[in-house]
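Q: Pasting in a structure now, in structure tokens, and then I'll have a few things to ask.
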Amino acid sequence: MLILSLFLLSQWVPDGMTVCGVPGAQENHQIISDGTGGAIIVWQDYRDTLTIDLYAQRIDLSGNILWNLHGVPVCTTVVDQYYPAITQDGLGGFFIVWEEAHSGLDQGIYAQRLSSSGSRLWDPSGIEVCDILSFDQFNPHIIFAGIGEAFIAWLDNRNGNIDIYAQKIDTSGSLLWDSTGVPVCTTTVDQDSLYMISDNQGGIIIAWIDTTTGSHDIFAQRLDASGNVLWGPNGVPVCTTAVDQWAFRMTPDGSGGAIVVWEEPHFGTDEGIYAQRISSTGNMMWGPSGIKVCDLISYNQVAPRIISDHSGGAVIIWIDDRNGNADIYAQRINSSGNLLWDSTGVPVCVKASQKFFHNILNDEYGGFIITWVDSSGGDKNIYAQKLDLFGNIQWASEGAEICTASGNQSSPDAISDGTGGAIVAWKDARYSDFDIYAQRVNPEGIWGIPEPTILSVDDIPNDQGGKVEIIWQKSTHDLSYGDISYYSIWRSISSKDVKESKIIDLKNMNLEFGGEAYRITQIGGKAYAWEWLANIPAHYFDYYSYAAQTLYDSTSGGTGYTYFLVSAHVSDTVFYDSDVDSGYSVDNLSPAKPQNLSGAYVSPSYILIWNKNTEEDLSHYAVYRGDTPDFIPSLSNRIGTPTDTTFTDTTFPGFPVYYKVSAIDIHENESDYALLEATGIGEPENDGFSNIFTKWLILKGYENRTVNVYNLTGQKVGEYSGKRVGENLKPGIYFIRLKHSIIKITKVK
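Numbering-wise, the working numbering puts 752 at position 484 of the sequence shown, and it's gapless, one number per residue.
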């Protein structure tokens, strides 16, 4: 076994990895997927004591920092930047918008584009999104608009009250709509609580609260890809009941419309949760007042959050005080507004504590992950829970621990990691000033990547084949203060080769285990059989390696892949399996060059003889013929592939002729070539015997050596000591080889 240790900038660790921890606070962060299983995080940064700047960082699925330590600058001009928002550009880069002072005390909206490596692609100070300098533009929002484009919306006081405007930009930083933005709503009252989503048809839907009707009501507007408003000049009312609506959120309905959720008083002073679906044409689909999401009237349900269920409906969560605490409940509604779970909601977390900063995301695998801050135990910590499509809790009853470090953690923001888990980012005061931390939670609710990751399965060079080197990245729990004790290595085999009496439950395995063992796993609904190879103790290294025996070697007749998996074992009988990976071994050691090649002309043929190779994996020999000693052996001049150490060239073309003979093993490795110039019939090297005999020959100097005798076709017909060569042979012409010569002998009656 080989163990490797390589330095990485960072990886997932208990209670989260540091995204940025420089002196000075970091806050107002936002996280999005990087499109490859990792995340981009942007934040407001106080490291410069004179100004507030913006920085960003990229991390991969393994928790490795991909950009500069503590982030790359987004904007660090001499004025303050606030409230960054980010989206992908669809080309591997990212658009970021923010608010900053652009003229005296007036605020403006600016944008920057970052490459996949974190480089700024526009002017270091960014571009101005709205070409107006004498009024305030603030509270920017941004979403993806299609490959290379983004929508931006903001609040604007150019008309004397707060209105909503929008813009579209491309990868060059060009403003694609009016240079001052297009109006979304410009009524004479203020618009507030701007919220924007994609309509999934190339446009956007923007919602807000205003007091046009005398109370705080929700309105919405839809814009197409060209910036045209589709629901009237100032939008459509979502709910205009006589009571105020607050704290709304919105998600696409998958048909060009949206589902909106909000809180409003439903009985006396208690708050309730309501929802409405808006069609693509701006019509309210669930009645003028929406539907009630939770069928309780004597308690408060507040602060709803919503996410699409990708089936035309949505899942909604909220804070609920029915148990005397601030608990989290959830509900799923379909496209018709029917409640699919318990009419009063299903509990997400109801332990005796206060919960807040809650959010929900779709895990993209039919589940929903909820994150929140929990105040139990004094400090504020971060937890998460997963619900399936039926509202069943999937993780620990009180939630999976994301961070329970000392100090307060707040404002968790999360994205799907593309595997059924999530990456969560938050601001953290464990060291006084707020810093940015992040953690991954896997599909089973375990932090980091508890499963080892096979990085490669490669042939071991310069060997006779039969082995590959498996290199894997450690479990993120393989730490001096972690819980991984060892790894086990498994090789896939045919189920018919499994001995049922030797099938083992991994929970009964330990580091000292030895002997024969098998296991069966289910992958994609299919059963696979595995044979145990070895256990490797955990040493807290970043990488491990093991030389594993393959089932067969690769040849031209087949690649011969062998499949492997690695399991990381916890001392309390829990284990985590890697994904399966495969590789093939190759015999890349050629046989030795055939020795003592010699030959003789026996009209009309030429006979070649050489010593036998000793390699166990030898397959056969190859004989080539050419006109010059430097001819290049090839299939076109190969004249034979004997398995014995002699060959008769029955198509001998006449002198001069050159032969080359090689040895080839079962894996098609070919040796160097033995070279022979064809000559006439050999003569004895001395006069110690006659070529003609009646009973046998006695060869002086060879009395204690073995002499092989061959017939005219090159077939070995006898093996003798040097004392009685040719005994028992029929009369005829034969050949023997002495040292480097082939000698013709004749037996007569």
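Glycine included, each C-beta is placed from N, C-alpha and C at the ideal position. None of the values given here were measured: they were computed from a predicted structure.
#1: Would you kindly work out how many angstroms separate the C-alpha atoms of D810 and L334, rounded to a whole number?
#2: Whole-angstrom Cβ separation of A806 and D746, contact assumed at under 8 Å?
#3: My guess is that D849 and T286 are in contact by the Cβ rule of under 8 Å, so how many angstroms apart are they, rounded?
#4: Closest by CA to D631, which one among N905, Y323, Q662, W422?
#5: In this structure, how does DSSP classify N591 when only helix, strand and coil are distinguished?
#6: At a cut of 8 Å, does the stretch 791 to 804 reach the stretch 666 to 683 through at least three beta carbon pairs?
#7: Quick check: what's the CA-CA separation for G750 versus D765?
#8: Give me the Cβ distance between A293 and D701, rounded to the nearest whole Å; I'm assuming they're in contact under 8 Å.
#9: Using a Cβ distance threshold of 8 Å, determine whether the stretch 607 to 616 contacts the stretch 558 to 574, with at least three qualifying pairs required.
#10: Using a Cβ-Cβ cut-off of 8 Å (strictly less than) and excluding sequence neighbours within five positions of K1012, which residues of its own chain qualify?
#11: Is the number of C-beta pairs between the stretch 878 to 896 and the stretch 834 to 846 that are closer than 8 Å three or more?
#12: Secondary structure at E883, three-state DSSP: helix, strand or coil?
#13: Please check the pair Q569 and G558, which I expect to be a contact at CB under 8 Å, by giving their CB distance rounded to whole angstroms.
#14: On the DSSP bridge list, what partners appear for Q817?
#15: Give me the residue from I410, L382, K742, I377 with the minimum Cα distance to L401.
#16: At the level of alpha carbons, what is the spacing between T916 and S873?
#17: Could you give the C-beta distance for E458 and D478, rounded to a whole number, given that I count them as a contact under 8 Å?
#18: Report the rounded CA-to-CA distance for N979 versus V985, giving the unit in angstroms.
#19: Have a look at S644 and A697 and give me their C-alpha separation to the nearest angstrom.
#20: As an exercise, report each continuous beta strand (DSSP E) stretch of at least 3 residues that is fully enclosed by the stretch 734 to 782, in chain order.
#21: Quick one: residues in its chain with C-beta nearer than 6 Å to the C-beta of N954, no 5 flanking neighbours on either side, listed in chain order?
#22: Since Y597 sits in a beta bridge, which residues does DSSP pair it with?
#23: Note the first and the last residue of the continuous beta strand (DSSP E) segment covering M285.
#24: Pull up the distance between the alpha-carbon of Q489 and that of W640, whole angstroms please.
#25: Using DSSP with H/G/I as helix, E/B as strand and the rest coil, what is L903?
#26: I'd like the list of long-range same chain contacts for P952, defined as Cβ closer than 6 Å, with 5 residues on each side in sequence excluded.
#27: Examine the Cβ distances between the stretch 523 to 542 and the stretch 570 to 589 and report whether three or more of them are shorter than 8 Å.
#28: What does W694 pair with, by DSSP beta-bridge criteria?
#29: Can H297 and A693 be called in contact, C-beta distance under 8 Å?
#30: Just to check my reading of the structure: Y796 and S760 have Cβ atoms closer than 8 Å, yes? What is that Cβ distance to the nearest angstrom?
#31: Tell me, please, whether the stretch 703 to 720 touches the stretch 646 to 663 by the rule of three or more beta-carbon pairs shorter than 8 Å.
#32: On the DSSP letters alone, give me the boundaries of the beta strand (DSSP E) that M552 sits inside.
#33: Mapping DSSP to helix, strand and coil, what is Y889?
#34: Tell me which residue opens and which closes the beta strand (DSSP E) that H297 is part of.
#35: Note down, one range per segment and in chain order, each beta strand (DSSP E) of at least 3 residues found wholly within the stretch 614 to 650.
#36: Quick check: what's the CA-CA separation for S902 versus G828?
A: Let me spell this out:
#1: Looking up residue 810 in the sequence shown gives position 542. Looking up residue 334 in the sequence shown gives position 66. Roughly 17 Å between the two C-alpha positions.
#2: In the sequence shown, counting from the first residue as 1, residue 806 sits at position 538. In the sequence shown, counting from the first residue as 1, residue 746 sits at position 478. A806 to D746, Cβ: 5 Å. Contact.
#3: By 1-based counting over the sequence shown, the position of residue 849 is 581. By 1-based counting over the sequence shown, the position of residue 286 is 18. Their Cβ separation, rounded to whole angstroms, is 31 Å, which puts D849 and T286 out of contact at 8 Å.
#4: Translated into positions along the sequence shown, residue 631 becomes position 363. Closest by alpha carbon: Q662.
#5: For this step, residue 591 is matched to residue 323 along the sequence shown. In the structure shown, N591 sits in coil (DSSP, three-state: anything other than H, G, I, E or B).
#6: no
#7: Position 482 of the sequence shown, counted from the start, is the residue given in the question as residue 750. Position 497 of the sequence shown, counted from the start, is the residue given in the question as residue 765. So the alpha carbons of these two residues sit roughly 37 Å apart.
#8: To locate residue 293, count along the sequence shown from 1; it is residue 25. To locate residue 701, count along the sequence shown from 1; it is residue 433. 5 Å between Cβ atoms; contact.
#9: yes
#10: By one-based count along the sequence shown, residue 1012 stands at place 744. These residues qualify, in order along the chain: A868, V870, I949, G950, N959, I1001, Y1002, F1003.
#11: no
#12: Here residue 883 corresponds to residue number 615 of the sequence shown, with the count starting at 1. Residue state, collapsed to three classes: coil.
#13: Taking the sequence shown and counting its residues from 1, the one referred to as residue 569 is at position 301. Taking the sequence shown and counting its residues from 1, the one referred to as residue 558 is at position 290. No, Q569 and G558 are not in contact; Cβ-Cβ is about 14 Å, not under 8 Å.
#14: One-based indexing of the sequence shown puts residue 817 at position 549. Q817 is bridged to K735.
#15: The residue given as residue 401 occupies position 133 in the sequence shown. Among I410, L382, K742, I377, the Cα nearest to that of L401 is on I377.
#16: For the purposes of this step, residue 916 is identified with residue 648 of the sequence shown, where counting begins at 1. For the purposes of this step, residue 873 is identified with residue 605 of the sequence shown, where counting begins at 1. Taking the straight line from one Cα to the other gives about 7 Å.
#17: Start at 1 with the first residue of the sequence shown, and residue 458 comes out as number 190. Start at 1 with the first residue of the sequence shown, and residue 478 comes out as number 210. Inspection of the sequence shows that residue 458 is occupied by Asp rather than by Glu. The Cβ separation is near 6 Å, so the contact holds.
#18: Your numbering for residue 979 matches position 711 in the sequence shown. Your numbering for residue 985 matches position 717 in the sequence shown. Distance between the alpha carbons of N979 and V985: 7 Å.
#19: The residue labelled residue 644 in the question sits at position 376 within the sequence shown. The residue labelled residue 697 in the question sits at position 429 within the sequence shown. Going by the C-alpha atoms only, they are around 17 Å apart.
#20: 735 to 741, 752 to 761
#21: As a position in the sequence shown, residue 954 is number 686, starting the count at 1. For N954, the pLDDT reaches just 43, beneath the cut-off of 50, and the residue's location in the model is therefore unreliable, although a value from the coordinates is still provided. Nothing meets the Cβ criterion.
#22: Along the sequence shown, one-based indexing puts residue 597 at 329. In the DSSP output, where bridge partners are listed per residue, Y597 has W586, P615.
#23: Position 17 of the sequence shown, counted from the first residue, corresponds to residue 285. 285 to 288 is the extent of the beta strand (DSSP E) around M285.
#24: For the purposes of this step, residue 489 is taken as the residue at position 221 of the sequence shown. For the purposes of this step, residue 640 is taken as the residue at position 372 of the sequence shown. Their backbone Cα atoms lie some 30 Å apart in a straight line.
#25: Here residue 903 corresponds to residue number 635 of the sequence shown, with the count starting at 1. Helix.
#26: The residue labelled residue 952 in the question sits at position 684 within the sequence shown. Note that P952 has pLDDT 41, beneath the 50 cutoff, so the model's placement of it is unreliable and the number below is only indicative. So the list reads I1011, once near-sequence residues are dropped.
#27: yes
#28: What you label residue 694 is simply residue 426 of the sequence shown in a count that begins at 1. For W694, which the question treats as bridged, DSSP gives the partners Y705.
#29: Numbered from 1 along the sequence shown, position 29 holds the residue referred to as residue 297. Numbered from 1 along the sequence shown, position 425 holds the residue referred to as residue 693. Yes. Within cutoff.
#30: What you label residue 796 is simply residue 528 of the sequence shown in a count that begins at 1. What you label residue 760 is simply residue 492 of the sequence shown in a count that begins at 1. Their Cβ separation, rounded to whole angstroms, is 6 Å, which keeps Y796 and S760 in contact under 8 Å.
#31: yes
#32: Here residue 552 is taken as the residue at index 284 of the sequence shown, counted from 1. Careful: M552 lies outside any beta strand (DSSP E) and carries neither H nor E.
#33: In the sequence shown, counting from the first residue as 1, residue 889 sits at position 621. Of the three classes helix, strand and coil, the one that applies to Y889 here is strand, per DSSP.
#34: Taking the sequence shown and counting its residues from 1, the one referred to as residue 297 is at position 29. Start and end: 294 to 301.
#35: 614 to 617, 623 to 630, 636 to 642
#36: As a first step, residue 902 must be located in the sequence shown, where it is residue number 634. As a first step, residue 828 must be located in the sequence shown, where it is residue number 560. S902 and G828: Cα-Cα distance of roughly 26 Å.
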